[in-house]
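Okay, so here's the structure we're looking at.
Numbering (the numbering used here), first residue to last: 23 to 95.
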C-alpha cells in the first residue's frame with residue numbers, strides 16, 4: 023500500500039509528526055534529517071533503510087506503531 027485512506031503517502035504523514043514527544047516523533051525527526059528520505063517513502067522502504075543502518079528494535083517498534091497509526095487515518 024502506498025497511501026492511507028486519506029490518500030496520504032507514509033513518508034509525508036511521518037514528516038508531519040516531528041513535533042511529537044514519543045518514538046514516532048523521534049523516527050520522524052530522523053527521517054527529516056535524512057536527505058535520502060522522501061515523502062513517498064513506504065514503511066517497507068524505511069524498514070529496509072533501518073536494517074541497512076543497523077537500527078535497534080525500538081526503531082522498528084516505532085515504525086510498526088507509525089504504520090498502524092498511518093493506516094488508521
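Just so you know, even glycine gets a beta-carbon here, dropped at the ideal spot from N, CA and C. These numbers come from a predicted model, not from an experiment.
In the DSSP assignment, residue 31 forms a beta bridge with 25. Around the beta carbon of residue 50, 16 or more other beta carbons sit within 10 angstroms, so the residue counts as buried. One alpha carbon belongs to residue 38, the other to residue 79, and they sit about 23 Å apart. When the beta-carbon positions are compared, residue 41 and residue 63 stay at least 7 Å from each other. With a 10 Å radius around the Cβ and a threshold of 16 neighbouring Cβ atoms, residue 65 comes out buried.
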